[in-house]
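First residue of the sequence shown: 10, per our numbering; consecutive thereafter.
Beta carbons: idealized from backbone N, C-alpha and C, even for Gly.
These numbers come from a predicted model, not from an experiment.
Before any comments, here is the structure.
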Amino acid sequence: MSRVLFASDLHHCHMFWHGVESDDRMERLVKAIKDEYEREPYDLFLMLGDYSLDFWAWSTKGCYVNEGKSYTEAFVSKIVPHIPCPSYMIAGNHEQYGHDKWKEITGCERRTAIAYRDALFILLDNYGGDLDPTEHSDGTYTPTDIAYVKEQMATHPDAKHVFLCAHEFDMRFEGEDFKALLREEDRIVALLAGHTHLSAIVPLGEECGGKLLLRTGQFSYSGNIKESRWGWRELRFDDDGKVSTAYITPSSDVVIDNEPSHAERGEQDAAVLVEGRE
Ligand SMILES: [Fe+2]
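And the structure:
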C-alpha cells in the first residue's frame, strides 16, 4: 500500500479566518503534515494552487501588485522545507506569476507530469492566461490543454491510471473536445481540483464518461467550514490494484459562528476509484 496527498487553497496571506491568523495557521499546517506522515507515511505531497492572495481583485486586493510582497515566496521558504516527502506546486488563480518568475520562486514549472507506481499525475496550468498582470485580477481561466494531456499519456504508455490535476476544472469553459477526451480515454480515472474550498466527489456525468471530480478542500477558509474543515485529499494505492480516495481532516481547533470548535482527525467523501483484483 502507498498513498499520495493532494492539498490546495492553503492561502498564507494577510487575512484572518475562522479565528486563526495566518502564521499560526501555517504552523498548524506544518504540524498536521508531520503528524499525518508519522501516523502513516505518504510518498508525494502535491499542491494544486492558492498558497497566497498575492494576486486578488477584491477587498484589500493582492499584496504582490500592492506592495511587491510575495506570500508564495514565504510559503516556499517557511512551509515547503517541512514537507517530509517529495512535493510539487502548481499555481492557482492567486499566483499569476509568469513562467520564469514561478520557477524562480518555487523551483517548479506551472505544469508537469509525474509518474508514480503504475499511475500518472498530469498537473495542469488552468489559470495560465494573462500572467504577470500589473492590475489586480483573479486570474484568467484557460481550458485544459488537451494536446499536452495526450502527449503526456503517450510518453507514459505503461501508466495504467491517469489522474488529471489542476487548480480548477471549470466545465463552463471546457469544450466538447475535453468531454470527448474524458469519455474516450479509459486510462483517465478521475480529476482532482481545489478552488471551491470544499471537499466533495462530483460526478461529471455521462458526457464526461462518468468520470469523478475529486475536490481537495482547503486549509484556509470555507463557506462551509462545518462540512469541509481544513484538510487534504488522499489517493491510496493498494497492492492488489485497488485505488481509493478520501478527504482527510486532521485534528483542528477553529472558531465557527463565534464559538470554539474542536474536531478530531476524520475522513470523509471517500470512494473506491479502481476495484482491486479478486
Ligand atoms: Fe483558493
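- Restricting attention to Tyr106, Val283, Pro93, the CA atom closest to the CA of Tyr136 is found in Tyr106.
- These are the residues, in chain order, with a beta carbon less than 5 Å from any non-hydrogen atom of ligand 1: Asp18, Asp59.
- Residues of the same chain with a CB within less than 6 Å of the CB of Ala175, apart from the 5 flanking positions on each side, are Leu133, Asn135, Ala202 in chain order.
- Of the candidates Thr153, Val264, Asp278, Val264 places its Cα closest to the Cα of Phe25.
- Cβ-Cβ separation between Ala66 and Asp147: approximately 5 Å, consistent with a contact (criterion under 8 Å).
- Contact between Phe246 and Met10 holds: their C-beta atoms lie close to 7 Å from each other, under 8 Å.
- Look at the beta carbons and you see the segment 227-241 not touching the segment 83-96: under three pairs across the two are nearer than 8 Å.
- With respect to the 9 Å criterion, Cys72 and Ser86 are not classified as neighbours on the basis of their beta carbons.
- Asp262 is bridged by DSSP to His271.
- Burial check for Val281: the Cβ neighbour count within 10 Å stays below 16, so the residue is exposed.
- Under the DSSP definition of a beta bridge, Ala279 lacks any partner.
- Spanning the alpha carbons of Asp195 and Pro50 requires a straight line of approximately 30 Å.
- Where Cys72 is concerned, the enclosing alpha helix (DSSP H) starts and stops at 72-76.
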